[in-house]
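Visitor: If you read the sequences in order, they're chains A and B. Straight run, no breaks: the first sequence in the numbering used here ends on number 402. Straight run, no breaks: the second sequence in the numbering used here ends on number 1086. Attaching a single structure in structure tokens format; questions to follow.
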Amino acid sequence: MKNNNNKLVKLVSVVTLALLGSGCNLIYKVTGDTMAGYSADHAVPFIMSMDDAAMGCASGEAMSPLLMSFGRVTTPAHNVGVLLYASAASCAEEKGWNEELRYLRALKAGDAAEAEDAREAQKRYFALAAKRQYKAYKHMDAYFDVALGEECGDLDDREDQLVWLVGNLSGLQALNSQLSSLSDQGIPTNIASKVGRAAECLKDEDWWGVPSAMRAVVWTMVPGTMPKGQNAWARLSQSSKQGENVGVRLSHVFEALAASNANKTDLLKDVIRAHAKSIKSMPVRKDAAMLDRIATMNIRAISDRMWTEKTGHRTPAGSLGKFPDDVVQVETLDLDDLL
Amino acid sequence: MSLKKVLAAGFAASLMMGTAQAAEKKSFCVFDPVGSNGPLFNLMKESKTFALKVGVDLELRAYTDEKIAAEEFKAGQCDSVLLTGTRAREFNKFTGSLEAMGAITSNEELRLILQTLHSPKGAKFMKEGNYEVAGVLPAGAIYLYMRDKSVKDVADLQGKKFATQDYDPAALTMVRHVGGSVVPATVSTFAGKFNNGSVDIAYAPAVAYTPLELYKGLGTEGGVFNYKIAQMNFQILIHTDKMPEGFGQASRDFSMTRFDQAFDIIKTAEAEIKPSYWVEPISKDHTTGYDNMLRDVRIKLRDEGVYHPKALKLMFKVRCKSDASRPECAERLE
């Protein structure tokens, strides 16, 4: 009898453990699905509507490990992953920009050792940014599961279109960051051409001119990609205006990037001026405030670089859209009559 | 203390002074087909800190058109410039001959040659008039990309359209030598022409394969001929009189520290070419035949004044050092 009881206890224990084990898995799975669903339905739109880019970056760094870890127990939330990693990359990018400013100040001061150190630090941050941006791109790849650059994903929903837009944008950024890092982060160098073609899957009127701007910036950067009869600069300018008109000025970043890349300093200044003017005169579109703020961060980073090269410090408060070598016309009175 | 040491100490002291005093502003015009976000421009940014140490404040400007960069350098509007070896030939025939067809058959040979030329004993070959080569960076072996891989031998190249850098007499001679038809192209336009079928054949280093999507032109029928036509390179040139004394050698020392990185990039790029695209020469005899053909072209171009005889001789010595059994080593025509 005692023997039978022992057997029963053992059996109950095994069954209980098995139930508990599967129960945990079940709970994890349900939690994971809930978190993924919640993130896609609420957290992402909420973050996209925030106008605090620093918090967007911090939330990307903080939330990515937790939310993406649910991919171990349930289907990974690739769509959320795209946005999280893209946000997390912006933290690394901003640190890289700051190191670049330190580098420029050191060069200006003739301090080669400090400049070299800052440049190395800058390269490390860009390597990190490249990795994160490429992860965002890979999550987009996994989410849509199509031959990127050759065909469009299933883009019926606006949420999915956002994932496509941010994912492809991240791919382009990943390549740029890899180039700035002077290291091999495993980012394929044909990604720019693929992104240029993938941008055709979205409509300009739905996405504030960004798809055309993405295509055009690729044309200016990858030799031989611009189709006959197209004008990249005209497209970029048109896209920028579209963005200004609706209060999501992401296209300015592409126009500025292309202008800087092609040494078109006057155009670059005009783009920065237009951005500064627009953020004062045209209110931001509420559901895309984060993207607009990220655009401003990028534009300000370019302005900071220009200011630091000339003066040793970044753009002074209230001076975005102004440049150190601007000639300021100051009106004065004629004092001769008083003498 | 020997005279050499005194001079070296003096030079070091002047370099130290350079950092203490305001650095002299000098322009550096960098050809990069992508622009200031491109790989070459980013790599050349590294030279700013090295230059500062020798008292020069280098101002980098990106040029997507190599011809304009070369012209502005020639006109004195750029104190220094980065160009492909082909464009650099008009400023230094010796280093401009390092891209001679078939003259360098492996990375090891290239490394040995570059290390030698970048050392102080190679300095005499780096100067030509007021121009000085302040660094040569390897860009990788040039391969033939064919839209139709049924091309198996030189005879099959007859009548094929080649995307050709027609400002390069060596390329023109070669294409005509094999009976090809010249379709003018530049570093920026050849890929588009190859991918859209305007030409049958393009030549380029492996670093162009992925970014310019040459696999689109290769499609299902194409192939990459696994024979190193030449070794492409990029060269930094300076107007000697516009730079502080000793800048050229200091820059060459700096360039030498970048060789490993350059060879790593080349290795990665070559590994990206899909294995099924590689087309091997039919036999060893065929390879020897190509070697001989390229040697004949080199000698012809040497006699026409395109290639520098001493550069060809140096590369001949290195080829025979790495493989003394090459038939040319007994013939000694270069």
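Each residue gets a CB set at the ideal place from its N, CA and C atoms; glycine is no exception.
Quick check on E965(B) - is its C-beta less than 8 Å from some C-beta in chain A?
Guide: For E965(B), the answer is yes, since a Cβ of chain A falls inside 8 Å of its Cβ.
Visitor: If you measure between the beta carbons of N794(B) and S243(A), is that distance less than 8 Å?
Guide: Taking 8 Å as the Cβ cut-off, N794(B) and S243(A) qualify as a contacting pair.
Visitor: Using only the alpha-carbon positions, how far apart do E973(B) and D1043(B) sit?
Guide: E973(B) and D1043(B): Cα-Cα distance of roughly 26 Å.
Visitor: Specify the secondary structure class of P890(B) as computed by DSSP and reduced to three states.
Guide: If DSSP states are grouped into helix, strand and coil, P890(B) belongs with the strands.
Visitor: In whole angstroms, give me the CA-to-CA distance for K1065(B) and M360(A).
Guide: Using only the alpha carbons, I get a separation of about 57 Å.
Visitor: On the CB-based measure, 16 or more other CB atoms within 10 Å of its CB, does R221(A) come out buried or exposed?
Guide: Exposed is the call here.
Visitor: Near K1026(B), what residues of its chain come up, given a Cβ to Cβ distance below 6 Å and the 5 sequence neighbours on each side ignored?
Guide: Excluding positions up to five away in sequence, the list is empty.
Visitor: Consider the Cβ of R182(A): report whether some Cβ of chain B lies at a distance smaller than 8 Å.
Guide: Chain B contact via Cβ: present.
Visitor: Do V959(B) and A891(B) have their CB atoms nearer than 8 Å?
Guide: Yes.
Visitor: Taking 6 Å as the limit between beta carbons, can you name the residues of its chain near A761(B), skipping five residues before and five after?
Guide: Any answer about A761(B) is weak, because its pLDDT of 44 lies below 50 and its placement is not dependable; what the coordinates show is given next. Around A761(B): no qualifying Cβ.
Visitor: Out of curiosity, what's the CA-to-CA distance linking R1071(B) and F914(B)?
Guide: If I take the Cα positions, the gap works out to 28 Å.
Visitor: Kindly list, in the order they appear in chain B, the residues whose Cβ is closer than 9 Å to that of D247(A).
Guide: Here the neighbours are D1016, I1017, T1020.
Visitor: Residues of chain A with CB closer than 7 Å to the CB of L804(B), please, in chain order.
Guide: Near L804(B) (Cβ distances below 7 Å), the residues of chain A are L170, G173, A175, A178.
Visitor: For T252(A), return the contacting residues in chain B, with the cut-off set at a CB-CB distance below 8 Å.
Guide: Going along chain B in sequence order, the residues near T252(A) (Cβ under 8 Å) are T962, P963.
Visitor: Can you pull the chain B residues whose beta carbon is under 7 Å from the beta carbon of N239(A), in chain order?
Guide: Residues of chain B passing the Cβ test: N789.
Visitor: Looking at the strands, I want to know which residues DSSP matches up with M984(B).
Guide: Answer is G892(B), bridged to M984(B).
Visitor: How many whole angstroms separate the CB atoms of V209(A) and N231(A), which I take to be in contact at a CB cut-off of 8 Å?
Guide: Incorrect: roughly 12 Å between the Cβ atoms, too far for contact.
Visitor: Say whether chain B places a C-beta atom closer than 8 Å to the C-beta of L331(A).
Guide: Chain B, which has no Cβ nearer than 8 Å to the Cβ of L331(A), makes this no.
Visitor: Report the neighbours of V833(B) on chain A: residues whose CB is nearer than 9 Å to its CB, in chain order.
Guide: Within 9 Å Cβ-Cβ: nothing; V833(B) doesn't reach chain A, min ~15 Å.
Visitor: Starting from Y200(A), follow the alpha helix (DSSP H) in both directions and report where the run begins and ends.
Guide: Per DSSP, Y200(A) belongs to the alpha helix (DSSP H) from 175 to 207.
Visitor: Ends of the alpha helix (DSSP H) at F1068(B)?
Guide: 1061 to 1074 is the extent of the alpha helix (DSSP H) around F1068(B).
Visitor: Pick out the complete alpha helix (DSSP H) segments inside the segment 238 to 278 of chain A, 4 residues or longer, and give them in chain order.
Guide: DSSP runs (the alpha helix (DSSP H)) wholly in the segment 238 to 278 of chain A: 254 to 261.
Visitor: Output needed for Q1001(B): all residues of its chain with C-beta closer than 7 Å, excluding positions within five of it in sequence on either side, in chain order.
Guide: The residues are P872, A875.
Visitor: For K800(B), which residues in chain A fall below 7 Å Cβ to Cβ?
Guide: Simply L170.
Visitor: Relative to the C-alpha of V143(A), which residue among H338(A), L265(A), D223(A), D389(A) is closest?
Guide: Answer by Cα proximity: D223(A).
Visitor: For chain B, find out if any of its Cβ atoms is closer than 8 Å to the Cβ of A358(A); answer yes or no.
Guide: Chain B, which has no Cβ nearer than 8 Å to the Cβ of A358(A), makes this no.
Visitor: Going along chain A, which residues have a C-beta under 9 Å from N794(B)?
Guide: Near N794(B) (Cβ distances below 9 Å), the residues of chain A are L242, S243, S244, L245.
Visitor: With DSSP run on the structure shown, which of helix, strand or coil describes Y961(B)?
Guide: In the structure shown, Y961(B) sits in coil (DSSP, three-state: anything other than H, G, I, E or B).
Visitor: Considering Cα atoms alone, identify which of F1006(B), L989(B), K1062(B) is closest to G881(B).
Guide: The shortest Cα separation from G881(B) among F1006(B), L989(B), K1062(B) belongs to L989(B).
Visitor: According to the Cβ coordinates, are L889(B) and A1014(B) closer than 8 Å?
Guide: In contact: L889(B) and A1014(B) (Cβ atoms closer than 8 Å).
Visitor: Thinking L300(A) and G306(A) are a contact (beta carbons under 8 Å), I'd like their distance in whole angstroms, please.
Guide: Contrary to the premise, residue 300(A) reads as Ser rather than Leu in this sequence. The Cβ separation is near 11 Å, so there is no contact.
Visitor: Can you pull the DSSP bridge partners for G975(B)?
Guide: According to DSSP, which records beta bridges pairwise, G975(B) is partnered with M898(B).
Visitor: If you compare alpha carbons, which of T1040(B), L812(B), E1086(B), Y961(B) is closest to S1077(B)?
Guide: The residue with the shortest Cα to Cα distance from S1077(B) is T1040(B).
Visitor: On the three-state DSSP scale, how would you describe T941(B)?
Guide: If DSSP states are grouped into helix, strand and coil, T941(B) belongs with coil.
Visitor: When the cut-off is 8 Å and only beta carbons count, does P286(A) lie next to chain B?
Guide: It does; some Cβ of chain B falls within 8 Å.
Visitor: Within the same chain, show all residues whose beta-carbon is closer than 7 Å to that of K757(B), passing over the 5 residues directly before and after it, in chain order.
Guide: Reliability fails at K757(B), whose pLDDT of 46 lies under 50, so the model's placement of it is uncertain and the value that follows must be treated cautiously. So no residue of the chain qualifies.
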